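*Asks:*
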Amino acid sequence: MLRTYFTNYCRLKKSRLLLGLILLLSFSTCSSVSNLVRNPFGADDDPTAPNELLDIQAEVSINREWSINVGNGQGETYTKITPIIDGGFIFAASENGEVVAVNSFSGDIIWREELGTTITGGVGAGDDIVIVGTEDAELVALNQFDGQELWRARVSSEVLSQPKTNGDIVVAQTVDGKLVALDRESGSQRWTYETTLPALTLRGTSSPVITSENTVIAGFSNGILVSVEAADGVWSWEERVAVPEGQYDIERVIDVDGELLLDGSRILASSYQGNLMAFDISTGRIVWGMEASSYHGIDQGFGNIYYSDDKSHLVAVRNNSSDIVWQNEDLQYRELTAPKTITNYVAVADFEGYLHLISQIDGRIIGRTRLDSDGVRANLLVEEGKLIVYGNSGSLTALTIE
């Protein structure tokens with residue numbers, strides 16, 4: 464079965480599906496496919512050309528507290544290596560193998576290590592270790608305090624998302640549809656859970672979540688959310704976030720690629736060409752759901768759930784209902800990151816490296832600054848009132864909002 468991974472697929476419309484399929488099957492590199500999908504007809508005729516930015520009346524001040532560089536950032540391929548905050552430190556990695564630990568308050572670099580490999584997934588942190596995934600199908604664990612390499616372990620295929628740890632295991636998803644758990648101390652394999660991939664998928668995977676009930680929940684490219692026991696990988700429950708529909712494989716893509724949101728006894732997940740759903744973490748019972756198409760993560764605030772859909776519309780939905788509170792379409796097709804709430808605002812970044820601040824109350828854009836001319840793909844982070852943005856070129860920046 465042909466498995467073609469591609470980027471920025473979600474910007475195709477139904478009328479272009481067959482042409483898109485031909486293009487995807489004709490080119491093998493992510494960068495080539497990305498460029499073709501964005502504009503196969505020429506700039507003047509592209510119905511999915513990104514909106515030009517309109518002038519706004521800034522109502523907030525965005526201040527840079529510090530900024531450092533991390534290797535080559537996301538590199539030339541379509542990676543999305545997101546930093547992580549743990550214990551007051553930010554751990555970030557670049558595609559060309561650099562990993563750094565940064566004091567989140569001052570921006571001081573605590574250590575910087577070169578792994579000599581291509582990093583594609585990460586960063587995970589917890590229990591005094593830092594974990595990244597590589598193009599060579601390895602997980603690498605480092606000591607949080609000095610960056611010393613602790614172990615490398617082979618997995619079945621490339622890792623594109625953040626590994627997670629609970630102090631006993633390190634768990635990660637691989638692009639061949641597996642969820643693998645390694646021993647925290649040695650890196651030896653403890654268990655593997657496997658799913659079946661559809662013919663076509665988006666390039667990427669969501670990151671697994673380890674719950675307070677000592678289970679691991681993961682979303683897969685077949686639109687299914689699965690819960691297994693953290694200790695031994697024994698199946699607990701599975702539910703569909705989306706059901707594939709359509710005649711062509713490209714119409715049936717329903718990846719759960721966005722980060723899952725753990726909210727008390729619920730876990731929320733979104734899928735491309737599918738739904739936004741909430742499930743009970745113990746039983747898998749559907750708590751709430753609505754139709755939505757998103758391959759990004761989710762956040763919440765002011766009683767709302769926020770997501771950016773496949774057209775880069777930012778949507779606020781009243782929690783536990785299908786009521787749309789507001790929808791901002793000003794940034795259409797600008798390839799938004801997952802939304803991140805900070806104080807009264809929702810923050811997103813786009814493919815040209817602009818950070819946008821949107822009011823949680825009414826969805827107006829009330830602040831903007833450009834941080835990285837190469838764009839931003841990594842998820843945004845918040846730490847003690849600071850917004851952390853990792854640009855594609857490797858700029859790691861801390862911002863405050865006044």
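In the numbering used here, each residue's number is its place in the sequence shown (first place is 1) plus 463. Every residue gets a Cβ at the ideal spot worked out from N, C-alpha and C, and that includes glycine. This one's a predicted model, so the numbers in the text were calculated from it and none came from an experiment.
Considering only residues of the same chain and omitting the five flanking positions on each side of residue 576, which have a CB-CB separation below 6 angstroms?
*Replies:* For residue 576, where only same-chain residues beyond five positions count, the Cβ hits under 6 angstroms are 562, 610.
*Asks:* When burial is assigned at 16 or more other CB atoms within 10 Å of the CB, is residue 771 buried or exposed?
*Replies:* Answer is buried; the Cβ neighbour count reaches 16.
*Asks:* Can you tell which of 819, 773, 856 has its C-alpha closest to the C-alpha of residue 516?
*Replies:* Checking every option, the nearest Cα to that of residue 516 belongs to 819.
*Asks:* Relative to the C-alpha of residue 559, which candidate in 802, 546, 540 has its C-alpha closest?
*Replies:* The candidate whose alpha carbon is nearest that of residue 559 is 540.
*Asks:* Can you tell me whether residue 546 is buried or exposed? The criterion is at least 16 other CB atoms within 10 Å of its CB, across all chains shown.
*Replies:* Under this definition residue 546 is a buried residue.
*Asks:* Consult DSSP for residue 833 and reduce its assignment to one of helix, strand or coil.
*Replies:* If DSSP states are grouped into helix, strand and coil, residue 833 belongs with the strands.
*Asks:* Along the chain, where does the beta strand (DSSP E) containing residue 800 start, and where does it finish?
*Replies:* Note, residue 800: premise wrong, no beta strand (DSSP E); not H, not E.
*Asks:* Tell me the DSSP secondary structure of residue 601 in three-state form.
*Replies:* In this structure, residue 601 counts as strand in the three-state DSSP scheme.
*Asks:* Are the beta-carbon atoms belonging to residue 603 and residue 544 less than 8 angstroms from one another?
*Replies:* No, they are not a contact pair.
*Asks:* Short check: CB of residue 854 to CB of residue 834, under 8 angstroms?
*Replies:* Yes.
*Asks:* What separation, rounded to the nearest whole angstrom, lies between the Cα atoms of residue 697 and residue 682?
*Replies:* Straight-line Cα distance between these residues: approximately 16 angstroms.
*Asks:* Go to residue 577, then tell me how far its beta strand (DSSP E) extends in each direction, as first and last residue.
*Replies:* Here the beta strand (DSSP E) through residue 577 covers 572-577.
*Asks:* Between which two residues does the beta strand (DSSP E) holding residue 846 run?
*Replies:* It spans 844-846 - the beta strand (DSSP E) in which residue 846 sits, taken as one unbroken run.
*Asks:* Any idea which residues DSSP pairs residue 552 with across the strands?
*Replies:* For residue 552, which the question treats as bridged, DSSP gives the partners 549, 566.
*Asks:* Does the beta-carbon distance from residue 831 to residue 808 come in below 8 angstroms?
*Replies:* No, the pair does not count as a contact, with Cβ atoms beyond the cut-off.
*Asks:* Measuring CB to CB, does residue 557 end up less than 8 angstroms from residue 582?
*Replies:* Their beta carbons are under 8 angstroms apart, which means residue 557 touches residue 582 by this criterion.
*Asks:* Tell me which same chain residues have a C-beta within less than 7 angstroms of the C-beta of residue 663, skipping the five on either side of it?
*Replies:* Contacts found: 467, 712, 713, 716.
*Asks:* Just how far apart, CA to CA, sit residue 484 and residue 666?
*Replies:* Reliability fails at residue 484, whose pLDDT of 34 lies under 50, so the model's placement of it is uncertain and no value is given.
*Asks:* Is it true that the CB of residue 633 sits closer than 8 angstroms to the CB of residue 645?
*Replies:* Yes.
*Asks:* Going residue by residue through the segment 751-816, where are the continuous beta strand (DSSP E) segments of at least 3 residues, counting only ones entirely within it?
*Replies:* As far as the segment 751-816 is concerned, its whole beta strand (DSSP E) runs of at least 3 residues are 761-764, 767-771, 777-781, 787-791, 803-805, 808-812.
*Asks:* Pull up the distance between the alpha-carbon of residue 689 and that of residue 785, whole angstroms please.
*Replies:* Distance between the alpha carbons of residue 689 and residue 785 is about 24 angstroms.
*Asks:* Looking only at its own chain, which residues have a Cβ that is under 7 angstroms from the Cβ of residue 498, when we skip the five neighbours before and after it?
*Replies:* Low local confidence applies: a pLDDT of 32 at residue 498 is under 50, so the model's placement there is unreliable, with the coordinate-based value given in what follows. Cβ within range, chain order: n/a, list empty.
*Asks:* Residue 803 and residue 862 - do their beta-carbons sit closer together than 8 angstroms?
*Replies:* Not in contact: residue 862 and residue 803 (Cβ atoms no closer than 8 angstroms).
*Asks:* How many Å lie between residue 849 and residue 596 at the Cα?
*Replies:* Near 27 angstroms, if we compare the C-alpha coordinates of residue 596 and residue 849.
*Asks:* Given this structure, state the Cα-to-Cα distance separating residue 502 from residue 730, to the nearest angstrom.
*Replies:* Per-residue confidence for residue 502 stands at a pLDDT of 46, beneath the threshold of 50, marking its modelled position as unreliable; the derived number appears in the next sentence. Near 36 angstroms, if we compare the C-alpha coordinates of residue 730 and residue 502.
*Asks:* Let me know if residue 659 comes out buried or exposed under the rule of 16 or more other beta-carbons within 10 Å of its beta-carbon.
*Replies:* Its Cβ having fewer than 16 others within 10 Å, residue 659 is exposed.
*Asks:* According to DSSP, is residue 621 helix, strand or coil?
*Replies:* Residue 621: coil per DSSP, three-state reduction.
*Asks:* Within the continuous beta strand (DSSP E) that includes residue 864, where are the two ends?
*Replies:* That run of the beta strand (DSSP E) goes 858-864.
*Asks:* What is the DSSP secondary structure of residue 715, reduced to helix, strand or coil?
*Replies:* Of the three classes helix, strand and coil, the one that applies to residue 715 here is helix, per DSSP.
*Asks:* Taking the CB atoms as reference points, tell me whether residue 864 and residue 553 lie closer together than 8 angstroms.
*Replies:* Not closer than 8 angstroms, so no.
*Asks:* State the Cα-Cα distance for the pair residue 709 and residue 568, rounded to the nearest angstrom.
*Replies:* Between residue 709 and residue 568, the C-alpha separation is close to 50 angstroms.
*Asks:* Please report how far the alpha carbon of residue 530 lies from the alpha carbon of residue 780, in whole angstroms.
*Replies:* Answer to the nearest angstrom: the Cα atoms are 34 angstroms apart.
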